[in-house]
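Novice: Shown below is the structure under consideration.
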Amino acid sequence: MSEQFFIAKDLSKAEQYEALLPQLRALTEREPDTIANMANIAAALKEVFNFWWVGFYIVKDEELVLGPFQGPVACTRIALGRGVCGTAWKEAKTIVVPDVAQFPGHIACSSLSKSEIVVPLFFGGHVWAVFDIDSEQLNTFDETDARWLEEIVRLL
Ligand code: SME
Numbered sequence: 000m001s002e003q004f005f006i007a008k009d010l011s012k013a014e015q016y017e018a019l020l021p022q023l024r025a026l027t028e029r030e031p032d033t034i035a036n037m038a039n040i041a042a043a044l045k046e047v048f049n050f051w052w053v054g055f056y057i058v059k060d061e062e063l064v065l066g067p068f069q070g071p072v073a074c075t076r077i078a079l080g081r082g083v084c085g086t087a088w089k090e091a092k093t094i095v096v097p098d099v100a101q102f103p104g105h106i107a108c109s110s111l112s113k114s115e116i117v118v119p120l121f122f123g124g125h126v127w128a129v130f131d132i133d134s135e136q137l138n139t140f141d142e143t144d145a146r147w148l149e150e151i152v153r154l155l
């Protein structure tokens with residue numbers, strides 16, 4: 000298994016995701032353990048894009064519980080409909096937040112987080128986890144991130 004990702008720095012964001020996806024597929028396809036694959040996907044996204052916080056929350060007993068992540072210590076439990084993560088879970092859709100201060104009920108695990116994207120993971124039509132990425136800058140995420148991150152979480 001390669002420990003390095005080969006992503007040229009002069010590529011556009013979409014091209015970087017495009018180059019990363021097959022490398023993530025190669026990294027995860029022979030490993031059946033979902034938690035291990037979540038951990039490596041979080042590490043890869045953090046390394047390639049240098050995001051502030053990258054991680055998963057997993058649905059357990061009607062709550063989201065913190066799963067594998069890279070970045071500072073985070074809140075461990077989020078209720079349905081609470082914050083960006085709980086809203087993405089409840090509405091079963093990707094949520095892009097250009098400015099977290101403008102999102103009603105945003106849960107500030109870190110005061111340095113300025114923008115955020117949360118992508119739900121589906122099995123049998125139900126959300127079983129969410130993938131959450133935080134940035135220290137405003138307006139980091141857009142439709143390009145949404146599209147590619149939705150593709151990336153299908154690896155799980
Ligand atoms: N900001 C998230 C909480 C999780 S942390 O960002 C890691 C939210 O509002 O759901």
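Numbering that gives the first Met the number 0 puts the first residue of the sequence shown at 0, with every later residue one more than the last. Just so it is clear, CB atoms sit at the ideal spot from N, CA and C, and this is done for glycine as well.
1) Can you give me the Cβ contacts of residue 97 inside the same chain, cut-off strictly under 6 Å, excluding the 5 residues immediately before and after it?
2) Looking at C-alpha atoms only, which residue of 4, 15, 71, 94 is the closest neighbour of residue 112?
3) Report buried or exposed for residue 68, applying the criterion of at least 16 other Cβ atoms within 10 angstroms of its Cβ.
4) Could you tell me the alpha carbon to alpha carbon distance between residue 77 and residue 65, rounded to whole angstroms?
5) Going by DSSP, what residue range makes up the beta strand (DSSP E) through residue 150?
6) Report all residues from its chain with a CB closer than 7 Å to the CB of residue 80; omit the five preceding and five following residues, and keep chain order.
7) Run through DSSP, which three-state label would residue 132 get?
8) Does the segment 129-143 come within contact of the segment 52-62, defined as at least 3 CB pairs closer than 8 Å?
9) If you draw a straight line from the C-alpha of residue 134 to the C-alpha of residue 49, how long is it?
10) Report yes if the CB atom of residue 91 is closer than 8 Å to the CB atom of residue 119, and no otherwise.
11) What is the DSSP secondary structure of residue 69, reduced to helix, strand or coil?
12) Pick out the complete beta strand (DSSP E) segments inside the segment 44-88, 3 residues or longer, and give them in chain order.
13) Is it buried or exposed for residue 93, if we count other Cβ within 10 angstroms and need 16 for buried?
14) Return the CA-CA distance between residue 9 and residue 26, expressed in angstroms with no decimal places.
15) With DSSP as the reference, label residue 115 as helix, strand or coil.
16) Locate the alpha helix (DSSP H) running through residue 18, then write down its first and last residues.
Specialist: Per the coordinate set shown:
1) 114, 138
2) 71
3) Result: buried.
4) 8 Å
5) Note, residue 150: premise wrong, no beta strand (DSSP E); alpha helix (DSSP H) at 142-152.
6) 86, 89
7) strand
8) Because the criterion of three Cβ pairs below 8 Å is met, the segment 129-143 and the segment 52-62 touch.
9) 9 Å
10) yes
11) strand
12) 52-59, 62-69, 76-78
13) Burial is judged here by how many other beta carbons sit within 10 angstroms of a residue's own beta carbon; residue 93 has at least 16 and is buried.
14) Their backbone Cα atoms lie some 23 Å apart in a straight line.
15) Residue state, collapsed to three classes: strand.
16) 12-27
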